[in-house]
Amino acid sequence: MGVVTLEKEITVAILPKTFKVFVLESDTAIPSILPQAVKTVEIIEGNGGPGTIKKITLEKVVKNVEIIEGNGGPGTIKKTSFAEGREVKYIKTQIDATDKDNFTHCYSAIGGDPWMDALEKVSYEIKMVSSSDGGSIIKTTTKYYPKENGEINEDQIKIGAEKGLALFKAVEAYLLANPDAYN
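For the sequence shown, UniProt numbering gives the first residue as 1, with consecutive numbering after it.
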């Protein structure tokens, strides 16, 4: 099986300058914004620039949240299912490139459990561009590189993509609620 590529776009109500929260300050920002999901971000090798290797340790988190009744506003009833034994406990990433001026960041997941047994790496490119409504469009390209004889599970790819988009939305919600944070 060859490389599988997935491209996604998400519109957010924050300016591209918030790129620094997603990328440049993510080691401290993301665990602070999402302590229920990210336990620690540790630099294993490097100085934070290209070639840096990081280990991201994840918390056991919510499996899913389902709206049973309502539209998400007051009075809405939600069902929250919690993960029993979370599959992914950590991810080891390597920074490939960062362009602060063009709000582009490229990195690769080069280790982790359990899906890295089947994959050599997963490469991500994240780019933020201004949108006509005053916010931004976050464009992501993800490439899955299978190991020889490795099987890529398309359902896991879709689930992972949705979790990534949910991360952007969580950071957006935090920054909208806390406009002076990370200025």
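Heads up, the beta-carbon is just placed ideally off N, CA and C, and yes, glycines get one too.
According to DSSP, residues forming a beta bridge with residue 55: Residue 55 is bridged by DSSP to 42, 92.
Proximity winner among 183, 122, 165, relative to residue 145 (alpha-carbon distances): Across the set 183, 122, 165, the C-alpha of 122 shows the shortest separation from the C-alpha of residue 145.
Supposed close pair residue 172, residue 14 - CB separation, criterion 8 angstroms: The distance from the Cβ of residue 172 to that of residue 14 is about 5 angstroms, consistent with a contact at the 8 angstroms cut-off.
Residue 52 and residue 40 closer than 8 angstroms at C-beta: Inclusion of residue 52 and residue 40 in the CB contact set at 8 angstroms is not warranted, their separation being larger than that value.
CA-to-CA distance, residue 33 to residue 178, given in whole angstroms: 11 angstroms
Residue range of the unbroken alpha helix (DSSP H) whose run includes residue 108: Where residue 108 is concerned, there is no enclosing alpha helix (DSSP H), although the beta strand (DSSP E) it sits in stretches over 104–112.
Residue environment, residue 44, which counts as buried when at least 16 other CB atoms sit within 10 Å: exposed
At least 3 beta-carbon pairs within less than 8 angstroms: the stretch 17–33 vs the stretch 152–159: no
Collapsed DSSP secondary structure at residue 34 in the structure displayed: coil
Unbroken alpha helix (DSSP H) run spanning residue 171, endpoints: 154–177
Per DSSP, cross-strand counterpart(s) of residue 182: None; residue 182 has no bridge partner.
8 angstroms Cβ cutoff met for residue 10 and residue 165: yes
Beta-carbon spacing of residue 92, residue 110 below 8 angstroms: yes
Endpoints, beta strand (DSSP E) assigned at residue 122: 119–130
Local Cβ density within 10 Å of residue 94, reported as buried at 16 or more and exposed below that: buried
Residue 20: first and last residue of the uninterrupted alpha helix (DSSP H) it sits in: 19–22
Cβ pair residue 46, residue 98 closer than 8 angstroms: no
Selected residue, minimal CA-CA separation from residue 42, among 35, 36, 27: 27
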